[in-house]
Amino acid sequence: MLTQQLAKELWDYDPATGWFTWKVDRGTARAGTRAGSRNGQGYRHIRYQGVAYMEHHLAFLRMLGRWPKQQVDHINTIRDQNHWSNLREATGTENNANSAGTYKSELGRGIHWGRGKLQVRIEKNGHNYYFGTFDHSDLASAVITRNAAMFQLFGDFCHPDFLPTLEIAETDAWILASTSVALIIGENK
Numbered sequence: 030m031l032t033q034q035l036a037k038e039l040w041d042y043d044p045a046t047g048w049f050t051w052k053v054d055r056g057t058a059r060a061g062t063r064a065g066s067r068n069g070q071g072y073r074h075i076r077y078q079g080v081a082y083m084e085h086h087l088a089f090l091r092m093l094g095r096w097p098k099q100q101v102d103h104i105n106t107i108r109d110q111n112h113w114s115n116l117r118e119a120t121g122t123e124n125n126a127n128s129a130g131t132y133k134s135e136l137g138r139g140i141h142w143g144r145g146k147l148q149v150r151i152e153k154n155g156h157n158y159y160f161g162t163f164d165h166s167d168l169a170s171a172v173i174t175r176n177a178a179m180f181q182l183f184g185d186f187c188h189p190d191f192l193p194t195l196e197i198a199e200t201d202a203w204i205l206a207s208t209s210v211a212l213i214i215g216e217n218k
């Protein structure tokens with residue numbers, strides 16, 4: 030298995046840029062050139078002895094001397110930006126919370142159609158939280174409730190799309206939704 034010592038012998042890592050550069054000539058790679066490439070999912074990886082190592086995992090090895098315990102989350106959600114301040118360890122649930130995701134519904138994450146109405150439901154750690162039902166004409170209230178729920182459930186790992194702007198956070202609708210969401214989460218613990 031690749032160790033911190035071997036990684037330090039092979040590559041330099043710049044925590045400010047997130048770039049790995051080769052320290053040694055290796056095949057067609059020359060010392061001083063950027064190591065790795067982007068894969069089909071948008072992550073950067075470096076091949077060494079037939080194994081593709083994800084750069085954001087290598088950053089943990091280089092900086093902390095260990096592999097990440099679970100997953101590595103890109104705080105800004107941009108998969109190939111591996112500067113140290115953009116990386117943090119996360120559980121699978123936390124990492125998923127900080128993704129825009131892809132949705133079958135144009136309503137977005139956490140908002141579903143059910144019995145002719147909009148329902149706000151969010152899953153965390155295998156538990157489904159139900160935050161209310163709204164008439165289809167009241168999409169704005171459903172979105173505000175969903176965003177408040179995402180923020181309360183996932184905190185710092187909440188995807189930026191779900192965070193309120195200062196103008197929204199000061200509205201009665203946001204305050205009411207946040208209070209209701211906190212009560213619902215408390216009842217379900």
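Numbering of the sequence shown is given in the working numbering, commencing with residue 30 and proceeding in unit increments. The beta-carbon is built from N, C-alpha and C at its ideal position, and this holds for glycine as well. From a predicted model like this one, the values you see are computed outputs, not experimental measurements.
Closest to residue i by C-alpha separation, out of the options, would be which residue?
{"i": "residue 108", "options": "93, 74 and 62", "result": "74"}
{"i": "residue 118", "options": "67, 31 and 185", "result": "185"}
{"i": "residue 57", "options": "77, 67 and 48", "result": "77"}
{"i": "residue 158", "options": "33, 43 and 178", "result": "178"}
{"i": "residue 188", "options": "80, 106, 145 and 67", "result": "106"}
{"i": "residue 101", "options": "148, 63 and 126", "result": "126"}
{"i": "residue 163", "options": "139, 180 and 156", "result": "139"}
{"i": "residue 149", "options": "173, 46, 65 and 32", "result": "173"}
{"i": "residue 32", "options": "48, 82 and 47", "result": "82"}
{"i": "residue 86", "options": "176, 142, 36 and 155", "result": "36"}
{"i": "residue 42", "options": "55, 54, 165 and 90", "result": "90"}
{"i": "residue 115", "options": "30, 160 and 46", "result": "46"}
{"i": "residue 60", "options": "72, 80, 39 and 66", "result": "39"}
{"i": "residue 48", "options": "123, 112, 72 and 156", "result": "112"}
Secondary structure at residue i, three-state DSSP: helix, strand or coil?
{"i": "residue 104", "result": "coil"}
{"i": "residue 120", "result": "coil"}
{"i": "residue 139", "result": "coil"}
Would you kindly report the start and end of the unbroken beta strand (DSSP E) that includes residue i?
{"i": "residue 148", "result": "146–153"}
Go ahead and label residue i buried or exposed: buried means 16 or more other beta carbons lie within 10 angstroms of its beta carbon, across all protein chains shown.
{"i": "residue 152", "result": "exposed"}
{"i": "residue 103", "result": "buried"}
{"i": "residue 93", "result": "exposed"}
{"i": "residue 181", "result": "buried"}
{"i": "residue 68", "result": "exposed"}
{"i": "residue 154", "result": "exposed"}
{"i": "residue 95", "result": "exposed"}
{"i": "residue 144", "result": "exposed"}
{"i": "residue 175", "result": "buried"}
{"i": "residue 51", "result": "buried"}
{"i": "residue 65", "result": "buried"}
{"i": "residue 169", "result": "exposed"}
Quiz item: Taking only runs of the alpha helix (DSSP H) that begin and end inside the segment 32–101, which ones reach a length of at least 4 residues, in chain order?
Solution: For the segment 32–101, whole alpha helix (DSSP H) runs of length 4 or above, ordered along the chain, are 33–39 and 84–93.
Exercise. Would you mind listing the alpha helix (DSSP H) stretches within the segment 158–192 that are 4+ residues and don't spill past its ends, in chain order?
Key: If we require 4 residues or more, the alpha helix (DSSP H) runs fully inside the segment 158–192 come out as 168–183.
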